[in-house]
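Residue numbers (the working numbering): 894 to 1052.
Here it is as structure tokens:
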């Protein structure tokens, strides 16, 4: 009986503490250690790091485009498509010109391309808002031109 009262009292206290501890005045604050667009790119050096991040999506593309270059060799049987693919099913799709949308070699270039587009557009948006004085001579223009080139490269890859 006494234990039930203790458990009930503790439960009520915990419930009141939980409900009372929530304060909406901190809901919209960004912790200083979190990087978001407004505090990630603030100078030339941070813009350089962000631009390197756009380039990072180019890593690991491998030679998937080489499979499409060899299309005639696949169709004529000069190359064994299963030697290049992880599964026999995926390897047989290209020679038959029936590549399904779940084929990783058809899906991954789209994903990679749109990651480049997204990061390049974010870089352009936040860097363009900075004053020219935050950069060396012509450096802001050069960096924005690089990002626009990567943006177009990502679009041409993805679509």
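Backbone N, C-alpha and C define an ideal beta-carbon position, used for all residues, glycine too.
### Query
If you draw a straight line from the alpha carbon of residue 904 to that of residue 1036, how long is it in whole angstroms?
Along the chain shown, read from residue 1 onward, the residue named residue 904 stands at position 11. Along the chain shown, read from residue 1 onward, the residue named residue 1036 stands at position 143. Computed Cα separation, rounded: 58 Å.
### Message
Can you look up residue 1028 in the DSSP assignment and give me helix, strand or coil?
### Response
The sequence position of residue 1028 within the chain shown is 135, counting from 1. If DSSP states are grouped into helix, strand and coil, residue 1028 belongs with coil.
#### Entry: Residue environment, residue 931, which counts as buried when at least 16 other CB atoms sit within 10 Å
As a working mapping, residue 931 is identified with position 38 in the chain shown. Here residue 931 is exposed: its Cβ has fewer than 16 other Cβ atoms, across all protein chains shown, within 10 Å.
### Message
Excluding the 5 residues flanking residue 1017 on each side, which residues of the same chain have their C-beta closer than 8 Å to its C-beta?
### Response
By 1-based counting over the chain shown, the position of residue 1017 is 124. Hits under 8 Å: 1037, 1040, 1041, 1044.
### Whole-angstrom distance between residue 936 and residue 1032, CA atom to CA atom
Counting from 1 along the chain shown, the entry for residue 1032 is found at position 139. Counting from 1 along the chain shown, the entry for residue 936 is found at position 43. Near 11 Å, if we compare the C-alpha coordinates of residue 936 and residue 1032.
### Task
Determine the DSSP secondary structure at residue 995, reduced to helix, strand or coil.
In the chain shown, counting from the first residue as 1, residue 995 sits at position 102. Here residue 995 sits in coil by DSSP.
### Message
Quick test of your reading: residue 947 and residue 1027, contact by CB under 8 Å. State the CB separation rounded to the nearest angstrom.
### Response
Looking up residue 947 in the chain shown gives position 54. Looking up residue 1027 in the chain shown gives position 134. Actually they are not in contact, since the Cβ atoms of residue 947 and residue 1027 sit about 19 Å apart, beyond 8 Å.
### Query
Does residue 1035 get closer than 9 Å to chain C when you measure Cβ to Cβ?
You won't find chain C in this structure, because it holds only one protein chain.
#### Entry: Residue range of the alpha helix (DSSP H) that includes residue 949
Position 56 of the chain shown holds residue 949. Per DSSP, residue 949 belongs to the alpha helix (DSSP H) from 937–949.
#### Entry: Sequence-distant residues of its chain with Cβ nearer than 7 Å to residue 950 (five each side left out)
Here residue 950 refers to the residue found at position 57 of the chain shown. Excluding residues within five positions, the ones whose Cβ falls inside 7 Å are 1005, 1008, 1009, 1012.
### Query
DSSP on residue 1010, reduced to helix/strand/coil?
The sequence position of residue 1010 within the chain shown is 117, counting from 1. Residue state, collapsed to three classes: helix.
### Message
Let me confirm a value: residue 900 is counted as buried when at least 16 other C-beta atoms fall within 10 Å, else exposed. Which label applies?
### Response
If you number the chain shown from 1, residue 900 lands on position 7. Residue 900 comes out exposed.
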